[in-house]
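Heads up: the structure comes next, in structure tokens.
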Amino acid sequence: MDVNVATIIKVVMSGLSYSGTLAMLSVGLTLIMGVLRVMNFAHGALLMVAMYATYWFFTLFNIDPFLGLLITIPLLFGLGVGMQKFLISPLKTHENQVLVTFMFAVLLESLALLFWSSDYRVVETSYSGINIHFLGTGISLLRLTMIVVALAIVGGLHIFVKQTKMGKSIWALAQDPEAATLVGINIHRLQWFTFGLGTAIIAIAGAFLSQLLATFPHVGFHFVIIAFVVVVLGGFGSIGGALLASFIIGFITVFSAVFIGIGYSELVVFSLFIVILVLRPAGLFGKVSL
Amino acid sequence: MKKMLNKLMVSRPESLKVWLLIIFFGILFTIPLWVKNPAILTIFIYTFLYAFYGASWSIIGKYGGQISLGHAVCFGLGAYISVWLHQYYGISIWLGMFAGGVVAALIFLLIGLVCFRLRGLFFILTTLAFAEVVRVIFNYPLSPLTNGDEGIALFKLQFMEKWPYYFIALAMMILVMIILQRIEKSKLGYYLAAIREEQEAAESIGINSVKYKSIALTISGFLSALSGAFYVHFLGWIGVTDVFGIMVSIQPIIISWVGGSGVFGPIIGSFIVTPVSLFLALLLGGAVRGLNHIVYAVTLIFIVMFMPEGVTGVLSRKVYHPLRKRFETIE
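Chains as they are written, first to last, in this note's numbering: chain A, 1 to 290; chain B, 291 to 621.
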């Protein structure tokens, strides 16, 4: 391959934008896993729902993807709250919860396949093709925005958890649910709020990804497994860890796809995952263990 | 006659179970004599096969209490290794399937030794991730050998008739029932039950949980590979997603959860799930894509939420035990 400045910038840019995608997905997931100890396999399927929702609002009603957030964020928040209330909280063991979230993901994906077929769909807005020219190469404006937004979400969430009363009680819940109840925290309300918050972030990722990637029923499946790897590497419930791990995994994925081969990037990431499990299962910043 | 029957029933506490089993297998053994319709025999063969596969999964999933989302690895490796050994080296598939079993067992042993030092969720995640990796490897780098999802047709079928397959599958199902029975009554079975119910307590009395869970996983992987090998040779075609896809990992979970735990759980589960799913596939076919999976997903969510003990749990509580009580009071 001809390596020059333009290629390097391109690879770094796609590494950054992939990392941003992972950060948006895994930050909600790490919150759910750290606070509720629930492995939400439906996280990827919910991304698929968000992408389809964005696509259909755009195609049918000509609603801009980012204006559509006014609808998709409450939609995804509601889906998350509904899942927690009706599917997850009635179950006692982790195994049952995993099975239910997993089958819920299969259900959503099959419903999408049934109604919307497996066609690839892309949202093309007036600004989705804009490139900024930089050192002889074009950088997509949308990708650049996404990286910034991802960083803003992670920062905002960090401030929310550390500074606000509600965020602090969520953090207390993550560390010790029983002690949290003792000091008067309503854990049920907090649990569904956390789940809803974790899934609502997916809506923002959906608004970007529906323009950057193709939307199809199984689009989320790949992301949810990678997001779990990120969450494990970052440490359950650690927001900063999830951000750092997103960049590590994101760059490893892109570099191995470019320099080894497309099919091998998953192989490299999952081998790394096994190594993490052996060497440091608590992750980089893991405080809460499952 | 009735008195004699009653006497036999109460002579031993388990005799009702024995009689039910004799009747059940008596019917199954005579079916090829009076059923000549190949479609019906095919349904029975798949039912036995998935009972076998579901039972293999339940060794780790139900007895060990560890959910594996990656049994497709074993299913697919068993299938491909036996096919390759047959195609390139002319080794009989009935030997080749054991070679696949050994490879699958070794891989699962390794996964077990790595993951079982950690909590259950890591195991679930690793098995799923591993299944994805193996599927990707078989799809891209190995595509010259596997031909991806286009697959390879296996022209040299072992038998032209259905009935030899029928008896092999039936024998496999009986074999796995014996294996489950043995495990249940062995040291391994009791240790697994202890670990499943309370791992800390089991470890505190000196049970090595990593060791026994790994043993269960290895047995489970070995048997799953056999079912994969039988599946492709009966089907006469092998494709990557067909044996490595995520639904292959989910199938035995559905069967075990619908059926419930114990020796009879996966068998009864398969007798309920497999014919229904085959009928759905036959009736709807490609016309309504995804409907099969919707039925699966809704069924499993329903079972997990409202009937976690499965059909055998309900049957044994509502039918079997009252029946046994009645037989005991007749005398």
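We put the beta carbon where it would ideally sit given N, CA and C, even for glycine.
Going along the chain, which residues of its own chain have a beta-carbon closer than 6 angstroms to the beta-carbon of residue i, five neighbours each way excluded?
i, result
"A/Ser-14", "Val-254"
"A/Gln-175", "none"
"A/Met-39", "Val-98"
"B/Pro-556", "Ala-341, Gly-344, Ala-345, Ser-348, Ile-545, Ser-546 and Gly-549"
"A/Val-288", "Confidence at A/Val-288 is low in this model, with a pLDDT of 47, below 50, so its placement is unreliable and no value can be given for it."
"B/Arg-614", "Leu-306"
Which residues in the same chain have their Cβ closer than 8 angstroms to the Cβ of residue i, if we skip the five residues on either side of it in sequence?
i, result
"A/Tyr-127", "Leu-141 and Leu-142"
"A/Ile-260", "Val-268"
"B/Val-404", "Thr-416"
"B/Val-500", "Gly-402, Leu-403, Phe-406 and Arg-407"
"B/Phe-449", "Tyr-455"
"B/Phe-561", "Thr-337 and Ala-341"
"B/Ala-492", "Tyr-481, Ala-484, Ile-485 and Ser-499"
Residue i: which of the options sits nearest, CA to CA?
i, options, result
"A/Ala-150", "A/Asn-4, A/Val-12 and A/Leu-16", "A/Leu-16"
"B/His-583", "A/Lys-85, A/Leu-113, A/Lys-92 and A/Met-24", "A/Leu-113"
"B/Ala-484", "B/Ile-469, B/Lys-503, B/Arg-472 and B/Val-466", "B/Lys-503"
"A/Val-275", "B/Ala-506, B/Leu-400, B/Tyr-481 and B/Ile-495", "B/Leu-400"
"A/Leu-284", "A/Tyr-264, A/Ile-248 and A/Ser-256", "A/Ile-248"
"B/Ser-551", "B/Leu-590, B/Thr-589, B/Val-601 and B/Leu-444", "B/Val-601"
"A/Phe-221", "A/Phe-195, A/Val-106, A/Ser-118 and A/Trp-116", "A/Val-106"
"B/Tyr-336", "B/Ala-443, B/Leu-460, B/Lys-608 and B/Ser-372", "B/Leu-460"
"B/Ile-442", "B/Ile-381, B/Ser-560, B/Ala-492 and B/Tyr-370", "B/Tyr-370"
"B/Leu-323", "B/Trp-374, B/Phe-457 and B/Val-604", "B/Phe-457"
"A/Val-231", "B/Ile-536, B/Leu-411, B/His-523 and B/Leu-432", "B/Leu-411"
"B/Asn-327", "B/Asn-437, B/Trp-453, B/Leu-432 and B/Leu-396", "B/Trp-453"
Here's the rule: buried if 16 or more other CB atoms are within 10 angstroms of the residue's CB, otherwise exposed. What is residue i?
i, result
"B/Lys-352", "buried"
"A/Leu-290", "Caution is warranted here: a pLDDT of 44 is assigned to A/Leu-290, below 50, making its placement in the model unreliable, and no coordinate value can be reported."
"B/Tyr-343", "buried"
"B/Phe-319", "exposed"
"B/Asp-532", "buried"
"A/Gln-163", "exposed"
"B/Val-472", "Val is not the amino acid found at residue 472 of chain B; the sequence shown has Arg there. So B/Arg-472 ends up on the exposed side."
"B/Pro-542", "buried"
"A/Tyr-18", "buried"
"B/Trp-527", "exposed"
"A/Thr-93", "exposed"
By the criterion of Cβ-Cβ separation under 7 angstroms, what are the contact partners of residue i in chain A?
i, result
"B/His-583", "Val-106 and Ser-110"
"B/Val-588", "Leu-107"
"B/Val-404", "Ile-274, Leu-277 and Val-278"
"B/Phe-412", "Leu-277 and Pro-281"
Keeping to the same chain, check which residues put their C-beta closer than 7 angstroms to that of residue i; ignore five residues upstream and five downstream.
i, result
"A/Val-258", "Val-11"
"A/Val-154", "Ala-23, Val-27, Ile-239 and Leu-243"
"B/Pro-360", "In the sequence on display, residue 360 of chain B carries Gly and not Pro. Correct list, in chain order: Thr-417, Leu-418, Phe-420, Ala-421 and Ser-539."
"A/Thr-199", "Gly-28, Leu-46, Leu-76, Phe-77, Leu-79 and Gly-80"
"A/Val-123", "Thr-54, Tyr-55, Phe-58, Pro-65, Ser-210 and Gln-211"
"A/Met-51", "Gly-206, Leu-209, Ser-210, Thr-215 and Val-219"
"B/Ile-383", "Ser-372, His-376, Gln-448, Ala-519 and His-523"
Could you tell me which chain B residues have their CB closer than 7 angstroms to the CB of residue i, listed as they occur along the chain?
i, result
"A/Gly-263", "Val-426, Tyr-430 and Pro-431"
"A/Ile-225", "Leu-418, Ala-419 and Glu-422"
Just verifying my parser: in three-state terms, what is the DSSP assignment at residue i?
i, result
"B/Thr-564", "helix"
"A/Leu-290", "Residue confidence is low: A/Leu-290 scores 44 on pLDDT, short of 50, so the model does not pin down where it sits. No coordinate-derived value is stated."
"B/Arg-607", "helix"
"B/Phe-449", "coil"
"A/Gly-138", "strand"
"B/Arg-409", "coil"
"B/His-583", "helix"
"B/Trp-309", "helix"
"B/Ile-495", "coil"
"A/Ile-239", "helix"
"A/Asn-131", "strand"
"A/Asn-186", "coil"
"A/Ala-214", "coil"
"A/Arg-280", "coil"
"A/Ala-42", "coil"
"B/Ile-442", "strand"
"A/Arg-37", "coil"
Given that residue i touches chain A, what residues does it touch there, using C-beta distances under 8 angstroms?
i, result
"B/Glu-487", "Neighbours of B/Glu-487 on chain A: none; closest Cβ ~11 angstroms, over 8 angstroms."
"B/Val-594", "Leu-91, Asn-96, Leu-99, Val-100 and Met-103"
"B/Thr-417", "What B/Thr-417 touches in chain A: nothing, since even the nearest Cβ is about 11 angstroms away."
"B/Pro-598", "Asn-96"
"B/Leu-408", "Leu-277 and Pro-281"
For a contact meaning CB atoms closer than 8 angstroms, what does residue i contact in chain B?
i, result
"A/Glu-266", "Glu-422, Val-423 and Val-426"
Quick one: list the residues of chain A neighbouring residue i, beta-carbon separation under 9 angstroms, in chain order.
i, result
"B/Ile-591", "Leu-87, Leu-99, Val-100, Met-103, Phe-104 and Leu-107"
I want to verify the contact list: residues of chain B whose CB lies under 9 angstroms from the CB of residue i, in sequence order.
i, result
"A/Phe-259", "Ordered by position in chain B, no residue passes the 9 angstroms Cβ test against A/Phe-259, which lies about 16 angstroms from the chain."
"A/Phe-228", "Leu-415, Leu-418 and Ala-419"
"A/Met-39", "Leu-411, Ile-414 and Leu-415"
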